[in-house]
Amino acid sequence: MTEPLRTPVARAVSELEWFDRLRAGDAQAFEALFRAYVEPLCAFADSYVDAPATAEEIVQDLFAKLWEQRERVARPQSVRAYLYAATRNRALNEMRRRRNTLAFVRRALRLDAARDDLPRPVTPEADLHAGEFAQAVARAVAELPRRCRETFTLTRDQGLSYAEAAAVLRISPKTVEIHVGRALALLREKLAPWLRP
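Shown next as structure tokens:
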């Protein structure tokens, strides 16, 4: 089963067989797919995120979810295309999450204006302040009511649209909008000491 496949057609047929066996709970088939794709998928993810450790996490998480949800995953026409598309989507989500987090922190700290006033290089106190603020943000998000936290995380951290988050949570887009609005209001209240000029 693990010997090299000589033609692309033979490889595709074998991978579909592995996938079918994986869906039936065959751990050896799962391992065969993992071993065949872990390195190229990590390199592919790294081409997006430019962070080898993050790329590995993306691919490991993809395979973990594939195993956990194996009974619900539809059989793809091409296992290779499926794995690369899933990796790409996860890498893009990670890039959006980074951008959203950075934008939120920049807005919250008003970094652009503050940097003009900071002595060069940035002082350890300013660096400590930024780290403390990041912890305060994480705590504030963790303390949100469950639905507010879920909608905030999906739309802000994962970059999903309100419609996509609604589909994930099985609620209406308007309800997502309400929960996100409430989350932002609660975060502004909890982070008020940090956001004062």
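Those letters in the sequence shown? Residues 13 to 209, per the working numbering, in order.
Every residue, glycine too, gets a C-beta built ideally from N, C-alpha and C.
Close-in-space but distant-in-sequence residues of the same chain around Arg92 (CB under 6 angstroms, 5 per side omitted): none
State yes or no: is the C-beta of Tyr60 within less than 9 angstroms of the C-beta of Arg100? yes
Are the beta-carbon atoms of Leu104 and Gly193 separated by less than 9 angstroms? no
Identify, in the order they occur along the chain, each residue of the same chain with its Cβ nearer than 7 angstroms to the Cβ of Ala177, setting aside the five sequence neighbours on each side. Thr163, Leu166, Thr167 and Val188
Alpha carbon to alpha carbon, how far is Gln72 from Val25? Give it in angstroms, no decimals. 24 angstroms
Inspect the beta-carbon positions of Glu83 and Arg35 and report whether they are closer than 9 angstroms. yes
Look at the alpha carbon of Thr66 and the alpha carbon of Lys202, and state the distance between them as a whole number of angstroms. 30 angstroms
Please state whether DSSP places Leu95 in a helix, a strand or coil. helix
Give the C-beta separation of Arg159 and Val153 to the nearest angstrom, bearing in mind that I take them to be a contact with Cβ-Cβ under 8 angstroms. The pair is not a contact, with the Cβ atoms about 13 angstroms apart (cut-off 8 angstroms).
Let me make sure I understand the geometry here. Which of Pro64, Leu199 and Ala175 has the alpha-carbon closest to that of Glu51? Pro64
Helix, strand or coil for Asp38? Go by DSSP, reduced to three states. coil
Please report the Cβ distance between Arg210 and Phe31, rounded to the nearest whole angstrom; I am assuming they are in contact, meaning their Cβ atoms lie under 8 angstroms. In the structure as shown, the chain begins at 13 and stops at 209. Residue 210 is therefore absent and cannot be evaluated.
For Leu74, is the classification buried or exposed, using 16 other Cβ atoms within 10 angstroms of its Cβ as the cut-off for buried? buried
Would Ile70 and Arg102 be called neighbours here (beta carbons separated by less than 9 angstroms)? yes
Which residue comes first and which comes last in the alpha helix (DSSP H) that contains Ile4? Shown here, the chain extends from 13 to 209; a query on residue 4 therefore has no answer.
Rounded to a whole number of angstroms, what is the C-alpha to C-alpha distance between Ser90 and Ala98? 12 angstroms
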